[in-house]
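At position 29 of the sequence shown (counting the first as 1) the number is 30 in the working numbering, and the numbers step up by one without a gap.
Every residue, glycine too, gets a C-beta built ideally from N, C-alpha and C.
What follows is a single structure, written as structure tokens, with notes after it.
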Amino acid sequence: MATTLITGGSGLVGMRLTHLLLEAGHRVRLLGRSGRADAAVPLFLWNIERGTVDARALEGVDHIIHLSGAGIADKRWTPARKDVLLASRVASAELLLREAQRSGAWPKTFISASGVNYYGTATSDRIFKEEDPAANDFLGKLCRAWEQAADQWMPHCRVVKMRTAVALATAGGALPKLVAPARWGLAAPLGTGKQWMPWVHIEDLARAYLHVIRDAGMSGAYNVAAPEDVRNGDFTRELANALHRPYFLPNIPAFALRTLLDGPAGMVLEGSRVSNAKLLESGFAFTYPRLKPALEQLLG
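Here is the structure:
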């Protein structure tokens, strides 16, 4: 029975992944800032700012899944906020690395979350693959630093980086924010509506992590996005249809979103396609490869 440690386990992906791992017979541990321990899932504490971590968390661990990271779109990107976004991803991975070096408790696998924003927030017809370079905008640099922190584990264990598209779930993330106006018949494309919007059902995302754990031959970066490519306008139309609501409003102007959201606006106003061929070639099969059935399952 394998033991898996999850950082950021109280988040959207972590909660679903914990459930899947337990179903698969794994022992699961969580590493977090605070919280209450569970009989089935013990919680260990760490403090990234102080550089402290409960040494017991790493003892006997086979796999580490690093999901820790402050919400990208939660707040405006002030210089202080950018520092938080970086530290919560990079400093946290480095803190775990130092503890593993100190104790000699190396896992077999270190899996780090990342994002398709690695390739930048720009709209083009290019289909990005894992070997493409990181963009020079803020999110591209953030994802590159995030992955470089994971790569520091490489001499000691297998390293996998999950470049994830927008995860669709009803419990959190982007979908509830889009559903709220749509339920009132106020669904509208963002900006031009022509920007690509890579997406993945939360179930498939959690299953992809489990797939990586099971396949010891997988390493490096993987784009985790559903096979069907959709533009923002098409996504919004499918969302309205899934809710049985009208879709007739004009596009929300880009300048309004930039005024409201500041830096994070680029995440919704721009977007390119990514290739998931590498993940598919590993043998992974999506349960929800198309948007319409995915939204119907989530919202039906």
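* To do: Taking 8 Å as the cut-off, decide whether the C-beta atoms of S283 and R127 are in contact.
  => no
* Who pairs with Y223 in a beta bridge, going by DSSP? -> M163
* To do: Identify, in the order they occur along the chain, each residue of the same chain with its Cβ nearer than 8 Å to the Cβ of P290, setting aside the five sequence neighbours on each side.
  => A227, P228, E229
* Asked: Since W154 is in the beta strand (DSSP E), which residue starts that stretch and which ends it?
  -> Premise fails: W154 is in no beta strand (DSSP E) and is neither H nor E.
* Asked: Using 8 Å as the Cβ pair cut-off and three pairs as the minimum, do the segment 114–122 and the segment 164–180 touch?
  -> Contact between the segment 114–122 and the segment 164–180 is present, because at least three Cβ pairs lie under 8 Å.
* Helix, strand or coil at N48 according to DSSP, with G and I counted as helix -> Looking at N48 - three-state DSSP - the assignment turns out to be strand.
* Asked: Looking at the structure shown, is T237 part of a helix, part of a strand, or coil, going by DSSP?
  -> DSSP places T237 in helix when its eight states are reduced to three.
* Can you give me the start and stop residues for the alpha helix (DSSP H) that R208 sits inside? => 203–215
* Alpha-carbon spacing of A41 relative to L22, whole angstroms -> 12 Å
* Express the C-alpha separation of V54 and Y210 in angstroms, rounding to a whole number. => 24 Å
* Asked: In or out: Q102 buried (at least 16 other Cβ within 10 Å) or exposed?
  -> exposed
* Excluding five sequence neighbours on each side, which residues of the same chain lie with their C-beta closer than 7 Å to the C-beta of M198? -> V167, V231, R232, N233, F236, G272
* Asked: Given E297, which residues of its chain have a CB within under 8 Å of its CB, disregarding the five upstream and five downstream residues?
  -> A243
* Mind checking R30: buried by the 16 CB within 10 Å criterion, or exposed? -> buried
* Within the same chain, show all residues whose beta-carbon is closer than 8 Å to that of T19, passing over the 5 residues directly before and after it, in chain order. => Leaving aside the five residues that flank T19 on each side, the residues in its chain whose CB is nearer than 8 Å to its CB run, in chain order, I7, G10, V29, L31, V42.
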